[in-house]
Amino acid sequence: MADISIDIVTELKRNEIEELCEATEAAIAAGGGFGWLKPPHRNILEVFWKGVMLVPDRALFVARLDGTVAGSAQLVRPTRNNEAQAHSAQLTTSFVAPWARGHGLARQLTLAVAKEARARGARVLNLDVRETQQAAIHLYRTLGFHEIGRHPRYAMVDGRYVAGLYFWKSLDDAAEGGAA
304 MADISIDIVT ELKRNEIEEL CEATEAAIAA GGGFGWLKPP HRNILEVFWK GVMLVPDRAL
364 FVARLDGTVA GSAQLVRPTR NNEAQAHSAQ LTTSFVAPWA RGHGLARQLT LAVAKEARAR
424 GARVLNLDVR ETQQAAIHLY RTLGFHEIGR HPRYAMVDGR YVAGLYFWKS LDDAAEGGAA
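Take 304 as the starting number for the sequence shown in the working numbering and just add one per residue.
Pasting the structure below:
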């Protein structure tokens with residue numbers, strides 16, 4: 304059985320940055336690059352990941368499979384001046400490297416983000432995803448996320464529009480599926 308761990312990180316060792324960049328590159332090449340269509344230069348990835356950890360109201364979750372960084376997700380809270388949406392949070396930039404799929408990492412990442420969002424006072428968790436990410440869509444639906452909309456021009460891939468789907472989930476209590 305594989306050893307899976309999910310942690311919120313505020314700093315990464317050099318080898319962890321390397322592993323995170325390698326996992327990111329593999330996910331992008333497989334079509335799941337949370338916006339990137341082709342892997343950027345390694346320096347850009349390193350700066351991106353280091354920068355994520357510096358942004359207020361943002362938490363970086365790192366998934367490890369047998370001790371190796373294999374994926375990540377981010378929890379983003381609204382800025383403090385956004386009182387109207389202070390009850391919510393966003394799950395974003397979630398991915399698992401292709402070589403680590405099939406072990407439940409994406410599920411564990413999503414559950415960890417939801418748990419932390421609830422601990423930080425969020426009552427609703429939102430996310431969006433390209434319609435081509437069928438495994439992610441299936442996962443979100445099985446975890447009780449509700450699809451609330453479709454944006455037909457969400458992304459542009461190879462000169463063609465790709466639709467995006469929007470989801471939300473109540474974190475209020477387990478009766479509403481808040482445990483996920």
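We put the CB at the ideal spot given by N, CA and C, even for glycine.
Asked	Found
Does DSSP put R380 in a helix, a strand or coil?	coil
Bridge partners for D431 per DSSP, in chain order?	Y469
Do you know whose CA, among T445, G447, W471, lies nearest R453's CA?	W471
Go through its chain and collect everything with a Cβ distance to I440's Cβ below 7 Å, but skip five positions before and after it.	V432, L468
Leaving aside the five residues before and after E479 along the sequence, list all residues of the same chain whose C-beta is less than 7 Å from its C-beta, in chain order.	Note that E479 scores a pLDDT of 45, beneath 50, so its modelled location is shaky; the value from the coordinates is reported in the next line. Counting only Cβ-Cβ distances below 7 Å, and skipping sequence neighbours, we find S473.
Let me check understanding here. Comparing Cα to Cα, which of I331, N385, G447 lies closest to R410?	G447
Can you round the beta-carbon distance between L414 and S375 to whole angstroms, since I take them to be within the 8 Å contact cut?	14 Å between Cβ atoms; not a contact.
Could you say which of G407, A366, K418, R345 lies nearest to T396 if we only look at CA atoms?	A366
Would you kindly check if the distance between the Cβ of I311 and the Cβ of L412 is under 8 Å?	no
Around the C-beta of V460, are 16 or more other C-beta atoms found within 10 angstroms, so that it is buried, or is it exposed?	exposed
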